[in-house]
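A short worksheet on the structure shown next.
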Amino acid sequence: MTCVMGPLQFAGSCIQSGKLQEALPHLDPQALWGSLERGIAQTAALAGVNPGDVESLLPMGELRACIEQLTGSYRMAAHAWSVHAGHLGGLLKGLTDLTVDGRPPDSSVGLMRVARKLSRDKAVAAPLQHFADDIGRWQELLLHARNALDQDAGGLLRAYRRRRVRKLMAVCLPALLVIAGVLYLLSMQRARARLDSMLADADPCIARSITPADVERGSAAQRNAVTERLRVCDEQITRQAREREEQQRREAQARESERLRTEREARCDALATRMETGKLSGDDESFEGAPAGLLRRIQTRTLTPADFGPEGPALPCTRTPGEARLFRAFADAAFSSVWTWVTVVDPSPTARNALARRSADMPERARTVLGLRAVETARKAIMAGDPTLLTRAQRLCDFAEALTAVTGQPCQAARALAARP
Numbered sequence: 001m002t003c004v005m006g007p008l009q010f011a012g013s014c015i016q017s018g019k020l021q022e023a024l025p026h027l028d029p030q031a032l033w034g035s036l037e038r039g040i041a042q043t044a045a046l047a048g049v050n051p052g053d054v055e056s057l058l059p060m061g062e063l064r065a066c067i068e069q070l071t072g073s074y075r076m077a078a079h080a081w082s083v084h085a086g087h088l089g090g091l092l093k094g095l096t097d098l099t100v101d102g103r104p105p106d107s108s109v110g111l112m113r114v115a116r117k118l119s120r121d122k123a124v125a126a127p128l129q130h131f132a133d134d135i136g137r138w139q140e141l142l143l144h145a146r147n148a149l150d151q152d153a154g155g156l157l158r159a160y161r162r163r164r165v166r167k168l169m170a171v172c173l174p175a176l177l178v179i180a181g182v183l184y185l186l187s188m189q190r191a192r193a194r195l196d197s198m199l200a201d202a203d204p205c206i207a208r209s210i211t212p213a214d215v216e217r218g219s220a221a222q223r224n225a226v227t228e229r230l231r232v233c234d235e236q237i238t239r240q241a242r243e244r245e246e247q248q249r250r251e252a253q254a255r256e257s258e259r260l261r262t263e264r265e266a267r268c269d270a271l272a273t274r275m276e277t278g279k280l281s282g283d284d285e286s287f288e289g290a291p292a293g294l295l296r297r298i299q300t301r302t303l304t305p306a307d308f309g310p311e312g313p314a315l316p317c318t319r320t321p322g323e324a325r326l327f328r329a330f331a332d333a334a335f336s337s338v339w340t341w342v343t344v345v346d347p348s349p350t351a352r353n354a355l356a357r358r359s360a361d362m363p364e365r366a367r368t369v370l371g372l373r374a375v376e377t378a379r380k381a382i383m384a385g386d387p388t389l390l391t392r393a394q395r396l397c398d399f400a401e402a403l404t405a406v407t408g409q410p411c412q413a414a415r416a417l418a419a420r421p
């Protein structure tokens, strides 16, 4: 097709450039027929067959009829142009500008556009239009011929392919062998380089990502190193599995502890609610090992001296939100039992803290009695010189002063004596 379409495309380029006079010789029917014969000869040479075999596949009758018609229209167009081109003058540049549209050069389209632009000059436009139509017909026949060769060549194509395959094999087979050898060496070098890179990694389990093909191409030392890395990786995976199981066990224990804590807080909150509403049940009195009857005495505000010290009271629900509510209930009960605890020799820390919360509501008489007992206890401790008694007297004095009771000099002396080494 290069031989056949070459003159047509060159002529189309000339027409687009405004050189119609130069384009016409390339559109001479003899030149077009000669290009067709050269194309047939080249096709036959490439396929290894005779030109007649190629012509048998082409519409040669239609091509000859078209070239005969082209001969007449060409002579008329060339004559008209040679006669009338002189008076066109500067119009040629304008014609060029109007006909160039950026598409591949097409002689028939170019001639039709020139004829259209010169439509007022019938003597030139009509022959050019007729010639353009014939050129278009010639191009259609050439395209049909090419399709016939592409689709209906049969043995011609097979012969061409066999010849081409033989040539390619003769040239390519040795080259392919050389290339295969080079590629094998390169693949081996690259595989060993990849092995070196992976074996240099600190993570032994990187060996699991090494492909079997790379291992096969590796050296003996590399293969041994891969085996060792895999062994270490297996040990590491086993150890990590044990650690995960241990972590899961700890997390399960933590979840269970959290569940138990939540349930305990809920039970303690319910206990505090029943305490505040006076609805304790028989099961509540031994809640979390509380001393017998303590919760009932707190609810009824009938505490005994033993509930104030020197130990306890052991209130349940420690370290829960309900603990503060139970402690507040104990403080209210203790304040209601002021003449019960005021005679206690050594109140417990819980009792002291509970009563200190209500110091502002403490009866004055109770403060006076507590202050006198603190002074008396301090004097006895000073006289005895017993460190245990001095410590107890100091606690009682601190408690009395926390309730704004007057203690005086004996308590200060007891503190000073207890502070001596």
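Counted from 1, the sequence shown has number 192 at position 192 by full-length UniProt numbering; the numbering is strictly sequential.
Backbone N, C-alpha and C define an ideal beta-carbon position, used for all residues, glycine too.
Note that the structure is a prediction, hence the values are computed from the model and not measured.
Starting from the Cα of residue i, find the closest Cα among the options and give me that residue.
i, options, result
"Ser73", "Glu228, Val182, Leu128 and Arg420", "Leu128"
"Met362", "His130, Ile210 and Ala400", "Ala400"
"Arg415", "Leu403, Ala393 and Leu176", "Ala393"
"Ala225", "Asp196, Cys268, Gln247 and Asp234", "Asp196"
"Phe10", "Gly61, Ser337 and Ser108", "Ser108"
"Asp346", "Leu143, Val369, Thr368 and Thr377", "Thr377"
"Leu199", "Ala221, Leu185 and Tyr184", "Ala221"
For a quick check, are the C-beta atoms of residue i and residue j less than 7 Å apart?
i, j, result
"Gly110", "Gly12", "yes"
"Ala354", "Ala334", "yes"
"Ala148", "Leu57", "yes"
"Gly282", "Ala351", "no"
"Arg297", "Ala331", "no"
"Ala366", "Cys397", "no"
"Pro204", "Arg229", "yes"
"Ala115", "Ala80", "no"
"Ala191", "Arg223", "no"
"Asp28", "Gln69", "no"
"Leu295", "Leu280", "yes"
"Leu141", "Glu62", "yes"
"Leu372", "Val342", "no"
Please report the straight-line C-alpha distance between residue i and residue j, rounded to a whole angstrom.
i, j, result
"Ser17", "Ala180", "52 Å"
"Arg255", "Glu263", "12 Å"
"Cys172", "Ser219", "32 Å"
"Met275", "Gly293", "13 Å"
"Thr238", "Val232", "10 Å"
"Val406", "Ala329", "28 Å"
"Cys317", "Ser209", "57 Å"
"Leu98", "Ala77", "Legend: pLDDT at Leu98 = 43, less than 50; position of this residue unreliable, value from coordinates given subsequently. Approximately 20 Å between the Cα atoms of the pair."
"Gln42", "Asp106", "24 Å"
"Ala206", "Arg249", "A small correction: the amino acid at residue 206 is Ile; Ala does not occupy that position in the sequence shown. If you take the alpha carbons of Ile206 and Arg249, they lie about 29 Å apart."
"Ser35", "Gln189", "55 Å"
"Leu176", "Val182", "10 Å"
"Arg242", "Glu251", "14 Å"
"Arg166", "Gly48", "12 Å"
"Gly89", "Cys14", "Caution applies to Gly89, whose pLDDT of 47 falls short of 50 and renders its modelled position unreliable; the value that the coordinates give is listed next. Gly89 and Cys14: Cα-Cα distance of roughly 17 Å."
"Pro387", "Leu403", "24 Å"
"residue 447", "Ala44", "Since the first and last residues shown for the chain are 1 and 421, residue 447 lies out of range."
"Phe327", "Val338", "16 Å"
"Gln412", "Arg395", "12 Å"
"Asp214", "Asp234", "20 Å"
"Asp307", "Ser359", "19 Å"
"Ala314", "Ala202", "58 Å"
"Leu260", "Glu246", "21 Å"
"Thr368", "Ser257", "49 Å"
Just to confirm my understanding: we take residue i, look at its own chain, exclude 5 residues before and 5 after, and list those with CB closer than 7 Å. What are they?
i, result
"Leu417", "Ile382 and Leu390"
"Lys93", "With a pLDDT of only 49 at Lys93, under 50, the local geometry of the prediction cannot be trusted, and no value is derived from it."
"Met112", "Gln129 and Ala132"
"Thr71", "Pro29"
Leaving out five residues on either side along the sequence, give the residues of the same chain with a beta carbon under 8 Å from the beta carbon of residue i.
i, result
"Ala31", "Pro7 and Pro25"
Only counting the same chain, and skipping five residues up and downstream in sequence, which positions put a Cβ closer than 6 Å to that of residue i?
i, result
"Gly322", "Cys268, Asp269 and Ala272"
"Ser187", "none"
"Ile67", "Pro29 and Trp33"
Going by the C-beta, is residue i closer than 6 Å to any heavy atom of the ligand MG?
i, result
"Gln42", "The ligand MG is not part of the structure shown, which contains no ligands of any sort."
At 3 residues or longer, what runs of the beta strand (DSSP E) sit wholly inside the stretch 25-60?
none
What are the uninterrupted segments assigned as alpha helix (DSSP H) that are 4 or more residues long and contained completely in the stretch 214-295, given in chain order?
220-277
Quick check for students: name the residue ranges of the alpha helix (DSSP H) that lie wholly in the stretch 349-377, counting only runs of 4 or more.
349-356
Within the stretch 374-414, ranges of the alpha helix (DSSP H) (whole runs, at least 4 residues)
387-402
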